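Participant:
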Ligand code: SAH
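Numbering (our numbering), first residue to last: 136 to 402.
(1) Among the residues of its own chain, which have a CB less than 6 angstroms from the CB of residue 186, if the five just before and after it don't count?
(2) Closer than 6 angstroms by C-beta to residue 283: which residues in its own chain qualify, once you throw out the five before and the five after it? Chain order, please.
(3) Any heavy atom of the ligand SAH within a distance shorter than 8 angstroms of the CB on residue 317?
(4) Using three-state DSSP, classify residue 200 as helix, strand or coil.
(5) Closer than 8 angstroms is the cut-off here; do at least three beta carbon pairs connect the region 161-169 with the region 211-229?
(6) Determine whether the beta carbon atoms of residue 216 and residue 174 lie at a separation below 9 angstroms.
(7) Helix, strand or coil: which one does DSSP assign to residue 343?
(8) Mapping the DSSP letters down to three states, classify residue 222 as helix, strand or coil.
(9) Enumerate in chain order the residues of its own chain whose CB-to-CB distance from residue 241 is below 6 angstroms, with the five nearest sequence positions on each side excluded.
(10) Please classify residue 306 as buried or exposed, where buried requires at least 16 neighbouring CB atoms within 10 angstroms.
(11) Among the candidates 327, 383, 351 and 231, whose CA atom is the shortest distance from the CA of residue 275?
(12) What whole-angstrom Cβ distance do residue 172 and residue 156 have, given they're in contact under 8 angstroms?
(13) Please list the terminal residues of the continuous alpha helix (DSSP H) segment that includes residue 137.
(14) Under DSSP, the beta strand (DSSP E) around residue 268 begins and ends at which residues?
(15) By the DSSP assignment, the alpha helix (DSSP H) with residue 188 in it spans what residues?
(16) When the Cα atoms are used, what is the spatial distance from residue 231 to residue 334?
(17) Mind checking residue 149: buried by the 16 CB within 10 Å criterion, or exposed?
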C-alpha cells in the first residue's frame, strides 16, 4: 500500500510497542508511519475514540483488542493496559497501541511510554493529528492567525478526578490566553465559562463547538461565551470547544480540508 523503503520507514520489529496517534477520525489524516504500523501489527490495542474505518485498515489476522469502556463495565485501569502491552511485547508480538488524535495530547501516551521504558520494552511514539488542531481546521478555524493571536492554550475540561482542573489559575488563563481549545469539556462547560467570565472575558467573545470532527457526521455550533452554556445542551460527543477571535474566520474558511469529501456542517 505504501512504499516503506522509499519513505524510509522504520521496521516494526517483533517485541516492540508502537504508541500511535490515529488522528481525530478521517482515515486520510493517518500518517505514513501509522499506516505502516497497521499493515504490520500482530496486536492492535485501541481506545474508544479510534474511528472504526481506521481499524479496518489493520492487517488481516491482526488481533483487535479494545481497551476502553464496554457495556457499562468500567474501563481497564491504566496499569492493566500497560501490563497488557508489556506482556504482548515480551511474547514477541508487534504491538500497536492506537489512540485517537495524538497519543501525548490528553492521551496518557507518556504514562504508557514510561511503563514500557521501565519494563525495558522497546517502543516508538508516532504522533497523530490532535482533535484540537485538525478538528478545528476541518471546521474552518485556524488555531493561530497573525492578526488575532500569537498564542494558543490547550486545556482539559476535567482532571483525573473528573472535576474542573483545580490546579489551573483560571484568572491567569482568562487574562493571558487569547485562544482556548478545550478537550473533554462537555460536562463542565458551564463551570468553565463562568470562571472565564469571572476572570474578565467578554460574554460577546465567539465560541465554536466542533462535534465528531473530521467524520461524516461532523457538526459545528457557533455561539458566544455568554450563551454557549445554554446553546450547547445536547451537543454530540466527542466535541472540541474553541474560544477566541479565530472563530470569526470560519465564515471565510469553512470547507478547507473537506474539498474532496464534503463534511456536514450545520452552521
Ligand atoms: N489524544 C486525543 C484527545 C483525547 S481526550 C487527541 O489528541 O485528539 C478526548 C477528547 O478529545 C474528547 O473529549 C474531545 O474533546 C476530543 N476529541 C477527540 N476526537 C474528537 C473528534 N473527532 N471530534 C471532536 N473532539 C474530539
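Using N, Cα and C, we set each Cβ at its ideal position, and we do this for glycine too.
As the structure is a prediction and not an experimental result, all values here were calculated from the model.
Facilitator: This is what the structure gives:
(1) 160
(2) 380 and 381
(3) yes
(4) strand
(5) no
(6) no
(7) strand
(8) helix
(9) 291 and 318
(10) exposed
(11) 383
(12) Incorrect: roughly 11 angstroms between the Cβ atoms, too far for contact.
(13) No alpha helix (DSSP H) contains residue 137, which DSSP labels as neither H nor E.
(14) Taken as a continuous stretch (DSSP letters only), residue 268 belongs to no beta strand (DSSP E), as it is neither H nor E.
(15) 187-190
(16) 43 angstroms
(17) exposed
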